[in-house]
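Residue numbers for the sequence shown follow the UniProt record's numbering, beginning at 1 and rising by one.
Quick reminder that beta carbons are idealized off the backbone N, C-alpha and C, glycines included.
Values in this document were obtained by computation on a predicted structure and should not be read as measured data.
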Amino acid sequence: MTSTMTRTGTERFPWLAILVLASAGFLALAVELSPAGLLNQMAPGLNMNIAAAGSLTALYSLGNAILALPLTSLALRFSRRFSLTATLLVFVIGNILVVVASDLMPALVGRFISGGAHGLLMSLAPAVAVGMAGLTHERRALSIVIGANTVGIALGAPLASFVGTTLGWQATFIGAAAVALVCAVLLAAKIPPMRAESTQQMPLIQALRQPGVLRMGGGWGLLMLAYMSVITFIDPYLAALGAPPLLTSLSLLFFGGAGLVGIWLGGQIATRSRLAALITMPVFMAVALLGLSFGITSIPVVLILLLVWGVGFSGLVMVWQQTLLLVGHRSPEKSMSIGVVLTQLGMAAGAALGGVILDSFGVLATPLVGAIVTAATLLLLIGIKPILTTAETERAHAQSAPETTNV
1 MTSTMTRTGT ERFPWLAILV LASAGFLALA VELSPAGLLN QMAPGLNMNI AAAGSLTALY
61 SLGNAILALP LTSLALRFSR RFSLTATLLV FVIGNILVVV ASDLMPALVG RFISGGAHGL
121 LMSLAPAVAV GMAGLTHERR ALSIVIGANT VGIALGAPLA SFVGTTLGWQ ATFIGAAAVA
181 LVCAVLLAAK IPPMRAESTQ QMPLIQALRQ PGVLRMGGGW GLLMLAYMSV ITFIDPYLAA
241 LGAPPLLTSL SLLFFGGAGL VGIWLGGQIA TRSRLAALIT MPVFMAVALL GLSFGITSIP
301 VVLILLLVWG VGFSGLVMVW QQTLLLVGHR SPEKSMSIGV VLTQLGMAAG AALGGVILDS
361 FGVLATPLVG AIVTAATLLL LIGIKPILTT AETERAHAQS APETTNV
């Protein structure tokens, strides 16, 4: 059973709708990471200790992982415009619950709800972006949507911390709710009424069995595991090198800026060869992490390695997501939701693995493990080329239909 949408790709690029989708993705990531810089303020406000406050991030990720698949199955019964608008309205409600909470439990409920909405947004947004832009502008649309996620990773927590420190932690979530509401209104106005799937959706098992879906989704999850095993402990890593505390914030900004270059470079390589891009971007990341594992104390060299890592990481996120949409083109939203779940599991496992490695072997071992996992993920690409060729042929044939598109 294919997932159908009204064909909307035209010569004109739908800038406003794509930018609103990108803004929503940035916002969701900023909200996910926001407690990191606000725990000291949120703990007394919610009558809890710092350790308990850390569960606010865990519940967000848990909502993302648990709810992404069932919510995607439900959302596909409605038009994409309705589903995305409703998703952002639920996100608004989740953030308001955090604002009005007087203790931990309602705040956790709000975070769980917001995380579920974020998971659904991640599942729907890339496919909708491609559906609006058409195959001609596919890479540009995905670069913008995924690039916003990269910026959200780099700037989300610092921005939330700045707003919360300046205006109070509640202001961060009030602002997020307000921006999400504006995005919901704009999406309702600008996204075309893409048709809903019939009630006979592609079953989850069948979506998983699409050639390449489990490889791309699992590989994306493993690469996120490698990323989280290192980035979670970047502060103690830099401290072990004798770097000043300010360098942690600067390095994350540097990493995020390099990520924008990675998105562009990954797109350029993928234009010539998708397989080359799938290989090249993880290689950049693995080489950079291997370099970081040597414990080099020269700050300029460390920053260069962070730049290479940022380029590789952001490039691979874009290219692997784009390829997941390709191989899962018969049910792109459900395929993407599979990737979202595997990614969230990978992120959680990566943070846990990094902690174990740090305790057992020291902080300098974390980038080495990250490099090994990244390099090992490339094994999933063995024999993938015929699958990509077949998927490209099938999707091109489906796109030639005059009325519908498999996006």
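Round the Cβ separation of Leu342 and Trp169 to the nearest angstrom and send it over; I've been treating them as touching at under 8 angstroms.
Not confirmed; about 32 angstroms, so no contact.
Presumed contact (8 angstroms Cβ cut-off) between Leu208 and Ile338, rounded CB distance:
Distance from Leu208 to Ile338 at the Cβ level is roughly 6 angstroms; contact confirmed, criterion being Cβ atoms closer than 8 angstroms.
Selection from Ala276, Ile299, Ala101, Thr166 that minimises the alpha carbon distance to Ala43
Ala101
What residues in its chain sit with their C-beta under 7 angstroms from that of Val99, if we drop five residues either side in the sequence?
Spatial neighbours of Val99 in its own chain (CB-CB distance under 7 angstroms, excluding positions within 5 residues in sequence) are listed in chain order as Gln170, Phe173, Ile174.
Are Val163 and Leu21 closer than 7 angstroms when you measure CB to CB?
Not a contact, by the Cβ cut-off of 7 angstroms.
Straight-line CA distance for Cys183 to Ala365?
42 angstroms
Between Thr232 and Leu159, what straight-line distance do the alpha-carbon atoms span, to the nearest angstrom?
18 angstroms
Please look up how many angstroms separate the CB atoms of Gly115 and Leu62, rounded, as I've assumed it's under 8 angstroms.
7 angstroms
Neighbour-count burial assignment, Phe284, 16 or more Cβ in a 10 Å radius
buried
Three or more C-beta pairs closer than 8 angstroms, one from the stretch 304-324 and one from the stretch 270-284: is that the case here?
yes
Start-to-end residues for the alpha helix (DSSP H) that takes in Ser273
Taken as a continuous stretch (DSSP letters only), Ser273 belongs to no alpha helix (DSSP H), as it is neither H nor E.
For Asn40, the three-state DSSP class (helix, strand or coil)
helix
Which word fits Val356, buried or exposed, when buried means at least 16 other C-beta atoms lie within 10 angstroms of its C-beta?
exposed
Decide yes or no for the touch test of the stretch 268-278 against the stretch 327-335: beta carbon pairs closer than 8 angstroms, at least 3 of them.
Judged by Cβ distances under 8 angstroms, the stretch 268-278 makes no contact with the stretch 327-335, as fewer than three pairs qualify.
Exposure of Pro367, with buried meaning 16 or more beta-carbon neighbours within 10 Å
buried
How far does the alpha helix (DSSP H) with Phe91 in it reach, from first residue to last?
80-100
Please report the distance separating the alpha-carbon of Ser293 from that of Phe361.
Their backbone Cα atoms lie some 12 angstroms apart in a straight line.
Option in Ile387, Arg215, Glu333, Leu388 with minimal Cα separation from Val130
Glu333
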